[in-house]
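J.: Taking this note's numbering, the leading residue of the sequence shown gets 182, the next gets one more, and so forth. Backbone N, C-alpha and C define an ideal beta-carbon position, used for all residues, glycine too. Model, not experiment: these values are computed from the prediction. This structure is in structure tokens; I'll ask about it shortly.
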Amino acid sequence: VYWVLYPLIKPLTLLSYLGVRILGGKGQTEQDSTVSPEDLEALENVGSGQEILEEEEREMISRILDLPDIVAREIMVPRTDVTCLDVSSPKEVVLQTAIESRHSRIPVYEEQIDRIIGLLHVKDLLDGWAKDQSLDLRSIATDRTPLFTPESKKISDLFQELRTNQQHMAIVVDEYGGTAGIVTLEDIIEEIVGEIQDEYDFDEQDEFIVLNKNSYSVDARMSLIDLNEQLETQLESENADTIGGFIFDHLGRVPEQGSQFSYQGLTFTILEADERRIHRIRIQRLEDAVGK
């Protein structure tokens, strides 16, 4: 039976071993778990040609091969989207923020978000609430020292550091020491297995939506790497990692909602934006836009 199933078992075995090893874990034995990126790339090519691998398995292999080159800046939740609490916040505000955000851990800052002093674990908040205790947010937050990491940290190294320090979240800092964003264990794992949806994600709009054959609705926070893979394009920017940042860099300003421009055979239309940032974009292949 083993040899009959071997063509199916071997790809999944190699895939799981490399996924574990690249994030700092170990296989059953050193001999069994030695799988190089070249092995996996060969597996992807052979598996695709012989239709051994499913589409999801091929995508996972591709993500694993890309993992060593990805840094924290590329997958972080940017500071503008991070839910934080001022250490002086009253109990009512803390409870309301915890309920509305639905996050298990919330960074706590003093005076400004660039001075994060600790983390609030909602479990600690609920324990005190159940006992009808007064809230000392500073004491609770500083008991959980945050892990700080540079934007340039490779996420494979960051994953290992989070595990070693038994942390679930890292605060990403820029070259000046300011808060750039956060990265969680879930963010890193999603780089391998894809988006993880939970019961609170039902109201989140998809990052990339196919409207028709040549038209797409895209979240401005989508990475250029992922967008180029989806559209088979070569959009590049020295100053940005996301499609929203690419548009800022290209135009040199914040575009108004409804404005559009064309570039490299694509027409970009700003679907949602405010005075500070772009939220959503429609991208059409130029021949499709002209045809209309």
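Give me, in chain order, the residues of the same chain whose beta-carbon lies closer than 6 Å to that of residue 285; leave out the 5 immediate sequence neighbours on both sides.
T.: If we look at residue 285 and ignore the five residues flanking it on each side, its Cβ neighbours are 303.
J.: Which word fits residue 314, buried or exposed, when buried means at least 16 other C-beta atoms lie within 10 angstroms of its C-beta?
T.: Exposed.
J.: If you follow the beta strand (DSSP E) that residue 441 is in, where does it begin and where does it stop?
T.: It spans 441-444 - the beta strand (DSSP E) in which residue 441 sits, taken as one unbroken run.
J.: Would you check if the stretch 388-401 and the stretch 289-300 touch, i.e. whether three or more CB-CB distances between them fall below 8 Å?
T.: No, because fewer than three Cβ pairs between the stretch 289-300 and the stretch 388-401 fall closer than 8 Å, the two stretches do not touch.
J.: Report yes or no: is there a C-beta of chain B within less than 8 Å of the C-beta of residue 411?
T.: In the displayed structure, chain B is absent; only one protein chain is listed.
J.: Determine the burial state of residue 359: buried for a count of at least 16 other Cβ atoms within 10 Å of its Cβ, exposed for fewer.
T.: Residue 359 is exposed by the Cβ-count criterion.
J.: The beta strand (DSSP E) that contains residue 295, what's its start and end?
T.: Its beta strand (DSSP E) spans residues 293-302.
J.: What are the boundary residues of the alpha helix (DSSP H) that residue 396 is part of?
T.: Per DSSP, residue 396 belongs to no alpha helix (DSSP H); it is in the beta strand (DSSP E), 396-400.
J.: Between residue 407 and residue 420, is the Cβ-Cβ spacing less than 8 Å?
T.: No, the pair does not count as a contact, with Cβ atoms beyond the cut-off.
J.: How would you call residue 439, buried or exposed, if buried means at least 16 neighbouring beta carbons within 10 angstroms?
T.: Residue 439 is exposed by the Cβ-count criterion.
J.: Between which two residues does the alpha helix (DSSP H) carrying residue 253 extend?
T.: Unbroken alpha helix (DSSP H) run through residue 253: 253-256.
J.: With burial defined as no fewer than 16 other Cβ atoms inside 10 Å of the residue's Cβ, what is the status of residue 443: buried or exposed?
T.: Its Cβ having fewer than 16 others within 10 Å, residue 443 is exposed.
J.: When DSSP labels each residue in this structure, what does residue 436 get in the three-state scheme?
T.: Residue 436 falls in the coil class under three-state DSSP.
J.: How would you label residue 300, buried or exposed, when you count the other beta carbons within 10 angstroms and need 16 or more for buried?
T.: Result: buried.
J.: Please report how far the alpha carbon of residue 334 lies from the alpha carbon of residue 366, in whole angstroms.
T.: Using only the alpha carbons, I get a separation of about 14 Å.
J.: Could you tell me whether the Cβ atoms of residue 253 and residue 364 are closer together than 8 Å?
T.: Cβ atoms of residue 253 and residue 364: closer than 8 Å.
J.: Might you give, ordered along the chain, the residues of its own chain that have their beta carbon closer than 6 Å to the beta carbon of residue 346, omitting 5 neighbours on each side?
T.: Answer for residue 346: 328, listed in chain order.
J.: If residue 401 sits next to residue 462, beta carbons under 8 Å apart, how far is it from one beta carbon to the other, in whole angstroms?
T.: The pair is a contact, with the Cβ atoms about 6 Å apart (cut-off 8 Å).
J.: Tell me the DSSP secondary structure of residue 404 in three-state form.
T.: It is a strand residue.
J.: Return the chain-ordered list of same chain residues with a C-beta closer than 7 Å to the C-beta of residue 316, the five sequence neighbours on each side being excluded.
T.: If we look at residue 316 and ignore the five residues flanking it on each side, its Cβ neighbours are 272, 275 and 309.
J.: Could you name the residues that DSSP lists as bridge partners for residue 362?
T.: Residue 362 is bridged to 259 and 353.
J.: Compute the Euclidean distance between the alpha carbons of residue 387 and residue 415, then round it to the nearest angstrom.
T.: Going by the C-alpha atoms only, they are around 22 Å apart.
J.: Let me make sure I understand the geometry here. Which of 455, 325, 262 and 357 has the alpha-carbon closest to that of residue 348?
T.: Among 455, 325, 262 and 357, the Cα nearest to that of residue 348 is on 325.
J.: Judging by CA-CA distance, which residue of 352, 339 and 341 is the nearest neighbour of residue 265?
T.: Comparing Cα positions, the closest option is 352.
J.: According to the neighbour-count rule (16 or more other Cβ atoms, all chains shown, within 10 Å of its Cβ), is residue 397 buried or exposed?
T.: Buried, by the Cβ-count rule.
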